[in-house]
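**Student:** The sequence shown maps to residues 1 to 183 in the UniProt record's numbering. For every residue, glycine included, the Cβ atom is placed at its ideal position computed from N, Cα and C.
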Amino acid sequence: MTRIVVIDNHGQFTHLERRALRDLGVDTELVDNDTDPADIDADGIVLSGGPDMDRIGRCPDYLDLDVPVLGICLGMQILAEELDGRVGSGDYGGYADVDVEILDEDDPLIGSLAPETRVWASHADEVKEVPEGFTHTATSDVCTIEAMSDTDRDLYGVQWHPEVAHTDEGEEVFENFIDICER
């Protein structure tokens with residue numbers, strides 16, 4: 001059975017990420033972000049959302065485990081920050097419904113949502129520049145970089161929260177990530 005570990009970055013929806021994966025038939029566990037990478041046995045990792053970059057524990061170390069990674073909100077920002085992209089303050093704070101345009105219909109994580117989807121997202125902080133090797137895969141009027149992918153390294157990020165009911169096709173994002181982990 002596919003095993004995906006959700007790294008707890010102390011976000012308010014983290015338990016919903018684990019539940020979404022469990023409900024899709026995945027063996028999943030929620031682990032603290034200070035867990036030793038050597039203790040993580042998984043086919044994939046979700047870096048959860050969270051309050052700020054100062055509380056990300058050992059998340060940078062998990063990027064070296066050679067398994068697919070999905071960064072959600074803060075998790076996406078961790079990917080960008082650690083891999084020499086750029087993160088900065090967003091123009092819009094707080095949570096809001098956002099119409100997101102999918103820029104790459106061939107993207108394995110979100111391409112199936114094309115041409116657009118409605119999501120629930122926070123934009124207090126956001127990725128301003130994708131790291132080398134990443135493709136900018138989604139945009140909105142609120143945030144230029146709503147999603148990014150590095151398919152060669154199986155690293156993916158979304159600014160929005162696919163685990164909440166307000167996101168129209170969130171389950172499909174998790175299904176697509178499971179498919180990536182099973183390849």
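Got a sec? Which residues, its chain only, sit under 8 Å from residue 62 by beta carbon, not counting five neighbours each side?
**Tutor:** Taking the first residue of the sequence shown as 1, we reach residue 62 at position 62. Closer than 8 Å at the Cβ level, and outside the excluded window around residue 62, lie 7, 37, 40, 45, 47, 69.
**Student:** Suppose you measure from the CA of residue 25 to the CA of residue 125; what does that come to, to the nearest Å?
**Tutor:** In the sequence shown, counting from the first residue as 1, residue 25 sits at position 25. In the sequence shown, counting from the first residue as 1, residue 125 sits at position 125. Approximately 32 Å, taken between the alpha carbons.
**Student:** Enumerated in chain order, which unbroken segments of the alpha helix (DSSP H) with a length of 4 residues or greater are wholly contained in the region 48-80?
**Tutor:** List check, alpha helix (DSSP H) in window: 59-62.
**Student:** In three-state DSSP terms, what is residue 118?
**Tutor:** For this step, residue 118 is matched to residue 118 along the sequence shown. Three-state result, residue 118: strand.
**Student:** Along the alpha helix (DSSP H) that carries residue 8, what are the first and last residues, could you check?
**Tutor:** Here residue 8 refers to the residue found at position 8 when the sequence shown is read from its first residue. Taken as a continuous stretch (DSSP letters only), residue 8 belongs to no alpha helix (DSSP H), being part of the beta strand (DSSP E) at 3-8.
**Student:** Given a threshold of 16 other Cβ atoms within 10 Å of its Cβ, counted over all protein chains shown, does residue 148 qualify as buried or as exposed?
**Tutor:** Residue 148 sits at position 148 when you count from the first residue of the sequence shown. It counts as buried.
**Student:** Going residue by residue through the region 139-166, where are the continuous beta strand (DSSP E) segments of at least 3 residues, counting only ones entirely within it?
**Tutor:** Here the runs fully enclosed are 147-150, 155-158.
**Student:** Taking 6 Å as the cut-off, is the C-beta of residue 60 nearer than that to any heavy atom in the ligand ZN?
**Tutor:** In the structure shown, the ligand ZN is absent, as is every other ligand, since no ligand is present at all.
**Student:** Between which residues of its own chain and residue 114 is the CB-CB distance below 6 Å, once the five residues before and five after are set aside?
**Tutor:** As a first step, residue 114 must be located in the sequence shown, where it is residue number 114. So the list reads 102, 105, once near-sequence residues are dropped.
**Student:** So, helix, strand or coil for residue 169, using DSSP?
**Tutor:** Translated into positions along the sequence shown, residue 169 becomes position 169. Note: residue 169 maps to coil in three-state DSSP.
**Student:** Specify whether the region 155-172 and the region 70-89 touch according to this definition: at least 3 beta carbon pairs, one from each stretch, less than 8 Å apart.
**Tutor:** Touching, per the Cβ criterion.
**Student:** Going by DSSP in three states, residue 105 sits in which element: helix, strand or coil?
**Tutor:** For this step, residue 105 is matched to residue 105 along the sequence shown. In this structure, residue 105 counts as coil in the three-state DSSP scheme.
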